[in-house]
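Structure record follows, encoded as structure tokens.
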Amino acid sequence: IEVVGAPVFNDVKELKGAVLVFHDITELKRVEQMRKDFVANVSHELKTPITSIRGFSETLLDGAMEDEQLCKQFIDIILKESTRLQALVQDLLELSKLEKEELQLTRKLIHVDEFIKGITTLVEQQASTKSITLDVKLEEGITFYGDPDRLQQVVLNLLYNGINYTLENGRISLDISTDKNLVLIKVSDSGIGIPEESIHRIFERFYRVDRARSRNTGGTGLGLAIVKHIVEAHKGKIEVESEVNKGSTFTVKLPKEW
Ligand code: ADP
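Take the sequence shown: its position 55, counted from the start at 1, is 256 in full-length UniProt numbering, and no numbers get skipped.
In structure tokens form, the structure reads like this:
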């Protein structure tokens, strides 16, 4: 708390009392701290792949290039790290666009059957590389209003997470239904789950339960922060239930019209 004080005098300059103004600056401090943490996190996230790209390039120029196998191995790492950088920059730009208050959603009538087709093709391909089965269950003929490109990103991010955090031969499912004036999009997986003490933090920017695991799957740590923004811009909500070693379920609840 910040306090500013001043004496109060009457007409004949006698001291009558004092005025004290108390400013509760905890909220301001918290916002400022979050901003600082964010900048530090971004710098760290950018630094790691850059250091590695630089290091491996230098080693190649210093002679490692002559060993063909080593050369290939190093170039693979350079490619992987630059892909990470690209994903990170893309997610950061997306997040900053979403955080601008003038964010304009392109609202259209969405036919869920069509909306889902493009998504499942992309996801099935990815799932098959880990022999993961994707089950899709749709209530027939659902339509609602929303920004189709942004909502596609929501569903894709949740499904890709489902794949990333599920072991080989697991299952993921996408279930879309309606409940009164809500559309419910449910993404479940039979994966590693999220420990109870971490659940309330997973929507924070750069929060990861297991940093190494997220890095290995090419995660930026921003996916769920982006998802939450888009859902809230649609006046919707996102909920999560999870059990370690059993799996997780993310439920997006969107109003059909707003
Ligand atoms: P990342 O790029 O690390 O996947 P996200 O923002 O998408 O970033 O998710 C944040 C963290 O939440 C992940 O690092 C992971 O620890 C956890 N998480 C997200 N989805 C799942 C899931 N389906 N199963 C288990 N953990 C998950």
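Idealized CB from N, CA, C, for every residue including glycine.
Computed from a predicted structure; not experimentally measured.
Looking at the structure shown, is ARG351 part of a helix, part of a strand, or coil, going by DSSP?
-> One-based indexing of the sequence shown puts residue 351 at position 150. Reduced to three states, the DSSP call for ARG351 is helix.
Would you check if there are 3 or more beta carbon pairs closer than 8 Å linking the segment 317-335 to the segment 428-443?
-> no
Please list, in chain order, all residues of the same chain as SER332 whose beta carbon is under 7 Å from its beta carbon, the five residues on each side excluded.
-> For the purposes of this step, residue 332 is taken as residue 131 along the sequence shown, with counting starting at 1. Excluding positions up to five away in sequence, the list reads GLU369, ASN370.
Strand pairing of PHE210, partner residues [DSSP] | As a first step, residue 210 must be located in the sequence shown, where it is residue number 9. Note: PHE210 sits in a beta bridge opposite LEU216.
For GLY424, does the count of other Cβ atoms within 10 angstroms reach 16, so buried, or fall short, so exposed?
-> Looking up residue 424 in the sequence shown gives position 223. With 16 or more Cβ atoms within 10 Å of its Cβ, GLY424 is classed as buried.
Tell me, please, which residues DSSP counts as bridged to HIS312.
-> Along the sequence shown, read from residue 1 onward, the residue named residue 312 stands at position 111. Beta-bridge pairing links HIS312 to THR344.
Quick one: residues in its chain with C-beta nearer than 7 Å to the C-beta of LEU359, no 5 flanking neighbours on either side, listed in chain order?
-> Locating residue 359 in the sequence shown gives position 158, counting from the first residue. Within the same chain, LEU359 has close Cβ partners VAL388, VAL428, PHE451.
How about VAL445: is its Cβ closer than 7 Å to a heavy atom in the ligand ADP?
-> Along the sequence shown, read from residue 1 onward, the residue named residue 445 stands at position 244. No.
Can you give the Cα-Cα distance for VAL220 and ASN211, rounded to whole angstroms?
-> For the purposes of this step, residue 220 is taken as the residue at position 19 of the sequence shown. For the purposes of this step, residue 211 is taken as the residue at position 10 of the sequence shown. Spanning the two alpha carbons is a distance of roughly 13 Å.
Compute the minimum distance between the beta carbon of ARG409 and the heavy atoms of the ligand ADP, and state whether it is under 7 Å.
-> On the sequence shown, position 208 is the one that residue 409 refers to. Result yes, Cβ under 7 Å from the ligand ADP.
What is the DSSP secondary structure of ARG406, counted as helix, strand or coil?
-> Numbered from 1 along the sequence shown, position 205 holds the residue referred to as residue 406. Note: ARG406 maps to coil in three-state DSSP.
Can you find a heavy atom of the ligand ADP that lies under 7 Å from the Cβ of SER391?
-> Along the sequence shown, one-based indexing puts residue 391 at 190. Flag unset: Cβ of SER391 not near the ligand ADP.
What does DSSP give as the partner residues of HIS224 in its beta bridges?
-> The residue you call residue 224 lines up with position 23 of the sequence shown. Note: HIS224 sits in a beta bridge opposite GLU203.
Reducing DSSP to helix, strand and coil, say where GLU369 ends up.
-> By one-based count along the sequence shown, residue 369 stands at place 168. Reduced to three states, the DSSP call for GLU369 is coil.
Comparing alpha-carbon positions, which option in GLN234, ASN382, VAL313, SER244 lies nearest LEU375?
-> Stepping through the sequence shown from its first residue, residue 375 is reached at position 174. Nearest C-alpha to LEU375: VAL313.
Just how far apart, CA to CA, sit LYS214 and GLU233?
-> Indexing the sequence shown from 1 puts residue 214 at position 13. Indexing the sequence shown from 1 puts residue 233 at position 32. Taking the straight line joining both Cα atoms gives about 42 Å.
Look at ARG372 and SER399 and say whether their C-beta atoms are less than 8 Å apart.
-> Locating residue 372 in the sequence shown gives position 171, where the first residue counts as 1. Locating residue 399 in the sequence shown gives position 198, where the first residue counts as 1. Going by C-beta atoms, ARG372 is not nearer than 8 Å to SER399.
May I ask whether a heavy atom of the ligand ADP can be found less than 7 Å away from the beta carbon of ILE400?
-> Here the question's residue 400 lines up with position 199 in the sequence shown. No, since every heavy atom of the ligand ADP falls outside the 7 Å radius drawn around the Cβ of ILE400.
For the beta strand (DSSP E) that SER332 lies in, which residues bound it at each end?
-> Here the question's residue 332 lines up with position 131 in the sequence shown. Taken as a continuous stretch (DSSP letters only), SER332 belongs to no beta strand (DSSP E), as it is neither H nor E.
Are the beta-carbon atoms belonging to ILE431 and LEU299 less than 8 Å from one another?
-> Numbered from its first residue, the sequence shown carries residue 431 at position 230. Numbered from its first residue, the sequence shown carries residue 299 at position 98. Yes; because the gap between Cβ atoms is below 8 Å, this pair is in contact.
If you follow the alpha helix (DSSP H) that LEU296 is part of, which residue opens it and which one closes it?
-> On the sequence shown, position 95 is the one that residue 296 refers to. Where LEU296 is concerned, the enclosing alpha helix (DSSP H) stretches over 269-300.
Contact under 8 Å by Cβ, ILE320 with VAL356 | Taking the first residue of the sequence shown as position 1, residue 320 is located at position 119. Taking the first residue of the sequence shown as position 1, residue 356 is located at position 155. Cβ distance < 8 Å, so ILE320 and VAL356 count as in contact.
Span separating the alpha-carbon of LYS318 from that of ARG416 | Locating residue 318 in the sequence shown gives position 117, counting from the first residue. Locating residue 416 in the sequence shown gives position 215, counting from the first residue. Going by the C-alpha atoms only, they are around 29 Å apart.
For LEU383, the three-state DSSP class (helix, strand or coil) | The count along the sequence shown starts at 1 and reaches residue 383 at position 182. Note: LEU383 maps to strand in three-state DSSP.
DSSP bridge partner residues for PHE257 (one or two, in chain order) | The residue given as residue 257 occupies position 56 in the sequence shown. BP columns for PHE257 are empty, so no partner.
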